[in-house]
Every structure is written in structure tokens, then in C-alpha cells.
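Numbering (our numbering), first residue to last: 1 to 88. Please read the structure below before turning to the comments.
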Amino acid sequence: MIFRSNDKSRWGGEYWKASLLGIHLVTCTFVGLLIGYFLDKWLGTEPWLLLAFLIFGIAAGFKNMYMEVKKIQESEDKKEKGEDEHSG
Numbered sequence: 001m002i003f004r005s006n007d008k009s010r011w012g013g014e015y016w017k018a019s020l021l022g023i024h025l026v027t028c029t030f031v032g033l034l035i036g037y038f039l040d041k042w043l044g045t046e047p048w049l050l051l052a053f054l055i056f057g058i059a060a061g062f063k064n065m066y067m068e069v070k071k072i073q074e075s076e077d078k079k080e081k082g083e084d085e086h087s088g
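Rendered as C-alpha cells:
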């Protein structure tokens with residue numbers, strides 16, 4: 001059968017989290033870019049705040065990606081550990 005009950009939790013869990021990794025990077029970078037742009041326009045410090053907040057946004061995106069991958073890995077480890085205990 002194509003649709004099994006244990007596949008349902010997978011699609012709702014780790015695969016969905018993994019699909020958000022790229023979105024985390026793009027949104028954090030874009031938010032940093034916007035903050036830097038508007039602060040530069042307001043304070044007249046072009047392009048320094050834009051560059052600084054762009055770097056902060058990229059760093060925040062990678063940090064979010066790292067944390068999300070770590071969560072996915074921990075849940076996979078728990079799942080494998082649980083299967084090993086029940087199978088042996």
C-alpha cells in the first residue's frame with residue numbers, strides 16, 4: 001500500500017523541517033538586508049550598515065539552519081534508538 005500510517009509522521013515531521021532549511025537562510029538574509037538598508041537611509045551611513053546587517057542576517061540564517069539540522073538529527077537518533085530497543 002502506498003500510504004502507510006508510519007509514513008504519515010515522517011512527512012509531517014523531519015521532511016517538513018528539512019524543507020525549511022533554505023527558507024531560514026533566505027529569510028534571515030533578506031531581513032538583515034532590509035534592516036541595514038533602512039538604517040542606512042535613515043542615518044546616511046551608506047553602505048556600511050547594509051553590509052553589516054547583511055552579514056548578521058547570513059550568520060543568523062546559518063545558525064538557524066545548524067539548529068534545525070541538529071534537531072532533526074536528534075529526533076532521528078531517538079527514533080533509531082527506539083527501534084533498536086524494540087527489535088532486539
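Ideal Cβ positions, reconstructed from N, Cα and C, are used throughout, including at glycine.
Residue i to residue j span [Cα, whole Å]
i	j	result
Tyr-37	Leu-20	25 Å
Leu-61	Pro-47	Reading off the sequence, residue 61 comes out as Gly, not Leu. Cα to Cα, the separation comes out at about 21 Å.
Lys-79	Trp-16	17 Å
Thr-29	Leu-54	6 Å
Leu-34	Gly-22	18 Å
Phe-56	Met-67	16 Å
Leu-50	Glu-74	36 Å
Leu-25	Gly-82	32 Å
Gly-44	Val-69	39 Å
Gly-32	Ala-59	10 Å
Trp-42	Lys-71	39 Å
Cut-off 8 Å between Cβ atoms - residues of its own chain near residue i, not counting five sequence neighbours on either side
i	result
Asp-40	Glu-46, Pro-47, Trp-48, Leu-49 and Leu-50
Met-65	Leu-21, His-24 and Leu-25
Chain B contact for residue i (CB, 7 Å cutoff)
i	result
Leu-50	Protein chains in the displayed structure number just one, and chain B is not present.
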